[in-house]
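Residue numbers (my numbering): 7 to 484.
Laid out in structure tokens, this is it:
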């Protein structure tokens with residue numbers, strides 16, 4: 007709990023309450039509780055020193071009850087939120103789940119393995135029953151039942167895997183009649199309003215991959231090079247879903263993992279129509295003695311044989327392919343690791359996303375991190391952090407996360423640490439962008455009496471989060 011009486015800036019007393027509890031009842035049953043509340047919308051923006059807190063908008067209040075039956079698990083939850091609003095960027099409050107009951111199951115070797123498949127036929131099931139309630143009463147409300155059973159049959163050899171998979175999406179929406187003409191969570195209101203309905207869709211996919219190897223010599227060094235092509239086909243027929251509300255679903259951001267997903271949406275309010283093939287290839291360069299991966303390169307793209315007709319907002323896609331994705335990473339030297347990735351729109355000839363980063367590790371307490379991140383029309387940032395010895399017993403730390411697009415510091419941090427052996431003193435100064443047009447500053451000074459206690463505000467969590475690889479001076483061997 008936190009309490010600030012009579013804050014002169016806000017002209018009110020301010021507080022934060024947070025409660026987390028986890029209970030293991032027996033070997034099968036467990037429960038948990040999460041509750042958080044703050045006095046006002048600007049609490050974290052004014053008083054927090056952590057980016058992940060200042061960006062919080064929905065504070066959870068939920069109770070969970072879980073049962074683990076081995077090959078199947080059941081989950082029950084009641085959930086609502088306190089939604090914090092930024093006047094410059096207001097958002098819609100999310101739905102409460104009153105309640106949500108989920109069931110998941112997985113079984114292998116249903117009909118026994120054979121020469122081609124050690125696991126035999128595999129059965130997976132995911133299902134839920136949930137009632138969505140909107141406290142403000144300005145959104146369509148109702149219950150959703152969803153079940154997704156699938157059967158897959160992996161066929162394996164030492165150098166290949168082929169996995170046919172069939173499944174079924176069954177959903178039923180029982181909506182409150184009084185809310186059918188209201189909007190959903192993303193503002194949709196179809197002509198004629200929403201409707202209680204049942205959606206039934208079959209699914210078929212075929213996933214195949216090869217793993218090839220060869221010995222390779224480059225600049226006098228020996229490597230084992232792999233070539234790992236992969237092809238993934240999915241078919242799901244089209245069904246009009248425009249009169250089904252969007253309760254908790256969103257578009258899944260394109261990534262190499264998403265290229266190999268059946269559904270391009272997070273959640274089940276939308277199931278995409280699919281007649282598509284994903285092609286990708288990965289090549290790794292391995293040290294034959296240690297097995298260390300010196301370099302990995304992956305390129306992938308999805309190809310559509312039909313137009314994409316299912317959408318969240320009503321617009322459809324008529325492109326013949328997704329954007330091209332490529333990424334590379336590797337331990338270039340024992341001290342230097344690099345990574346890079348791009349997302350390229352081949353139809354428009356535009357770069358939509360890019361990242362380039364590296365880390366230099368000269369030993370404990372000797373590190374430099376540098377990253378550049380770009381997303382078309384939304385993100386253009388550099389992020390540099392370090393920890394380095396300044397003198398015997400002295401260490402310096404710092405971070406600069408700067409937005410080139412907005413010409414402002416997202417997070418700046420500078421600090422020092424002095425280790426006298428039996429005691430340590432740390433000082434950290436931080437500047438943090440909290441909303442679109444404001445920032446806050448904080449200073450931490452902590453005295454640690456080793457083995458006894460710590461006095462003063464604790465900057466350790468901020469240092470660990472802001473500087474990847476940060477180590478306390480007491481953990482660094484002399």
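Glycine included, every Cβ here is placed at the ideal spot set by N, Cα and C.
Residue i (DSSP reduced to helix, strand or coil)
i	result
residue 375	strand
residue 248	coil
residue 52	helix
residue 185	helix
residue 466	helix
residue 387	strand
residue 264	helix
residue 472	helix
residue 61	coil
residue 445	strand
residue 86	strand
residue 317	coil
residue 259	coil
residue 42	strand
residue 177	strand
residue 158	strand
residue 328	coil
residue 481	helix
residue 196	coil
residue 115	coil
residue 419	strand
residue 24	strand
residue 17	coil
residue 219	strand
residue 135	strand
residue 289	strand
residue 213	strand
residue 99	coil
residue 241	strand
Anticipated Cβ contact below 8 Å, residue i with residue j, distance rounded
i	j	result
residue 16	residue 46	7 Å
residue 285	residue 307	6 Å
residue 237	residue 202	Incorrect: roughly 40 Å between the Cβ atoms, too far for contact.
residue 275	residue 252	5 Å
residue 452	residue 438	Going by Cβ atoms, the distance from residue 452 to residue 438 rounds to 18 Å, so no, they are not a contact pair.
residue 235	residue 262	Not really, about 14 Å apart at Cβ, beyond 8 Å.
residue 329	residue 283	Wrong, their Cβ atoms sit about 15 Å apart, outside the cutoff.
residue 104	residue 145	Rounded, the Cβ-Cβ distance is 14 Å, inconsistent with contact.
residue 66	residue 85	7 Å
residue 504	residue 127	The question about residue 504 has no answer, for the chain in this structure spans 7 to 484.
residue 403	residue 482	At roughly 13 Å, the Cβ-Cβ gap does not stay under 8 Å, so residue 403 and residue 482 are not in contact.
Residues near residue i in its chain [Cβ-Cβ closer than 6 Å; skip 5 each side]
i	result
residue 106	83 and 136
residue 28	38
residue 90	47 and 63
residue 454	430 and 460
residue 338	344
residue 134	108 and 152
residue 441	51 and 92
residue 416	407, 409 and 439
residue 11	19
residue 195	189
Own chain residues within Cβ distance below 8 Å of residue i, not counting five before or after
i	result
residue 271	255, 256, 257, 258, 277, 278 and 318
residue 30	36
residue 496	This structure does not reach residue 496, given that the chain is present from 7 up to 484, and the question cannot be answered.
residue 327	307, 308, 309, 310, 352 and 353
Sequence-distant residues of its chain with Cβ nearer than 7 Å to residue i (five each side left out)
i	result
residue 178	151 and 204
residue 399	424, 425 and 426
residue 77	111, 112 and 113
residue 353	325
residue 445	437, 438 and 439
residue 245	205 and 207
Minimum C-alpha distance to residue i - residue among the options
i	options	result
residue 97	438, 116 and 61	61
residue 149	139, 156 and 158	139
residue 304	455, 130 and 345	345
residue 108	7, 154 and 484	154
residue 349	341, 338, 362 and 339	362
residue 115	129, 103, 354 and 104	129
residue 323	310, 482 and 21	310
residue 248	43, 428, 288 and 192	192
residue 43	244, 50, 387 and 22	22
residue 224	301, 333, 478 and 385	301
residue 386	408, 369 and 366	408
residue 316	81, 379, 281 and 470	281
Residue i Cβ short of 7 Å to the ligand SAM heavy atom set
i	result
residue 184	By its list of ligands, the structure shown contains no ligand whatsoever, and the ligand SAM lies outside what it can speak to.
Can at least three beta-carbon pairs, one atom from the stretch 171-186 and one from the stretch 208-226, be found at a separation below 8 Å?
yes
Pair every Cβ in the stretch 182-190 with every Cβ in the stretch 160-167, then say whether three or more of these pairs are closer than 8 Å.
no
Is it the case that the stretch 71-79 contacts the stretch 412-428, given that we only count it when at least three CB pairs across the two stretches are under 8 Å?
As far as the Cβ criterion goes, the stretch 412-428 does not touch the stretch 71-79, which means the pair count is below three.
Quick check: the stretch 385-397 against the stretch 360-374, are at least 3 beta-carbon pairs closer than 8 Å?
With the rule of 3 Cβ pairs closer than 8 Å, the stretch 360-374 counts as touching the stretch 385-397.
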